[in-house]
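Participant:
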Amino acid sequence: MDVVKRAPADAAHALAMEAAGLAWLAEAEAAGGTRIARARLAGGALHVARVAEAPPTPARAEALGRSLAALHAAGAPWHCCPPDGAQPPLEWGSSRVPMAAEPVSGSWGAAWAATAVRPVLERCVERGRLDASGARVVERAVDRMAAGAFDAPQPAGVGAVARIHGDLWSGNVLWSDVDTGAVLIDPHAQGGHAETDLAMLALFGLPRLEAVLAAYDEASPLADGWRERTPMQQLQPLLVHTLLFGGGYAARAVEVARSLA
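Residue numbering for the sequence shown follows this note's numbering, beginning at 54 and increasing consecutively.
(1) Short of 7 Å in beta carbon distance, which residues of its chain neighbour residue 303, apart from the five on each side in sequence? Order them along the chain.
(2) Do the region 248-263 and the region 74-88 touch if we need at least three Cβ pairs shorter than 8 Å?
(3) Taking the DSSP output, what are the residues bridged to residue 140?
(4) Nearest CA to the CA of residue 166: which residue from 128, 246, 232?
(5) From residue 171 to residue 221, what distance separates their C-alpha atoms?
(6) Any idea what DSSP makes of residue 106, helix, strand or coil?
(7) Do you know whose CA, among 306, 163, 72, 287, lies nearest residue 391's CA?
(8) Report the start-end ranges of each beta strand (DSSP E) in the region 258-297 that is 3 residues or longer and not cut off at the edges.
(9) Since residue 91 is in the alpha helix (DSSP H), which residue starts that stretch and which ends it?
(10) Report the CB separation of residue 145 from residue 70 in whole angstroms; it is logged as a contact under 8 Å.
(11) In terms of residue numbering, what span does the beta strand (DSSP E) encompassing residue 100 cover?
(12) For a quick check, are the C-beta atoms of residue 73 and residue 139 less than 8 Å apart?
(13) When you compare only the Cα positions, how much space is there between residue 62 and residue 180?
(14) Of all the beta strand (DSSP E) runs that stay within the bounds of the region 173-257, which reach a length of 3 or more residues?
(15) Are the region 225-244 and the region 107-126 touching, with three or more C-beta to C-beta distances below 8 Å?
(16) Is the Cβ-Cβ distance between residue 269 and residue 97 less than 8 Å?
(17) If contacts are defined as beta-carbon pairs under 8 Å, then residue 68 and residue 89 qualify, I think. What distance do you get, rounded to the angstrom?
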């Protein structure tokens, strides 16, 4: 039986975007990419095939790491690009984080800052989620990001732009008895940096994370310093959580930004 997801009439685009993202990520399965949940739009709802879950064993963790490398290697046209088949508005879910309809001038940092980070920061300030002092700290970090201070090569085997899940926290990884170790759900699929997905896995604690990362690094060696870049990659999701939920996420975002600025 499918899991049925519905949205208010004014947010129906979110379901269509999720369906497009799932289909686009699933294209990488033929080359060994992580299994993606099957979904279809019908009757104003998104019907997602239910996944038979299983424990996160070492073997499944290794399979997930290898398959994530293959998913990222499928590539994308430009940083922050929407998935194939996406229709305007080009934004994701309740957070309404935008994507880039065309390439943004500059490096990954420039595109990520302009498209996915600065707009969320501005909305956090507008809603009073961040005070003026905290906002200034985050702004300085985002300025450095936009200037390319944190740019780094993609993992070996990944082209200039990775095909990323975009919201790869542990809740969107369903461990299962499949050849890739897990099935992925609920993406913010887009072009980006592979390290963004890996940092998101670490943000809320994926079981057997080190085994996943080791297998990924073996299949597609990560660039030097990737662990040190993990907090930087976590700034954007922390800002999104600040926007949506407030509370302690704002303090965590400011702490990370202070370490970067």
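Each residue gets a CB set at the ideal place from its N, CA and C atoms; glycine is no exception.
What you are looking at is a predicted structure, and each value in this text was computed from that prediction instead of being measured.
Facilitator: So, to answer that:
(1) 182, 183, 187, 295
(2) no
(3) In DSSP, residue 140 forms no bridge with anything.
(4) 246
(5) 20 Å
(6) strand
(7) In the structure displayed, the chain extends from 54 to 314; residue 391 sits before or after that span and is not available.
(8) none
(9) Counting along the chain, residue 91 falls outside any alpha helix (DSSP H), and DSSP gives it neither H nor E.
(10) 6 Å
(11) 98-101
(12) yes
(13) 24 Å
(14) 215-217, 226-228, 235-237, 243-245
(15) yes
(16) no
(17) The Cβ separation is near 16 Å, so there is no contact.
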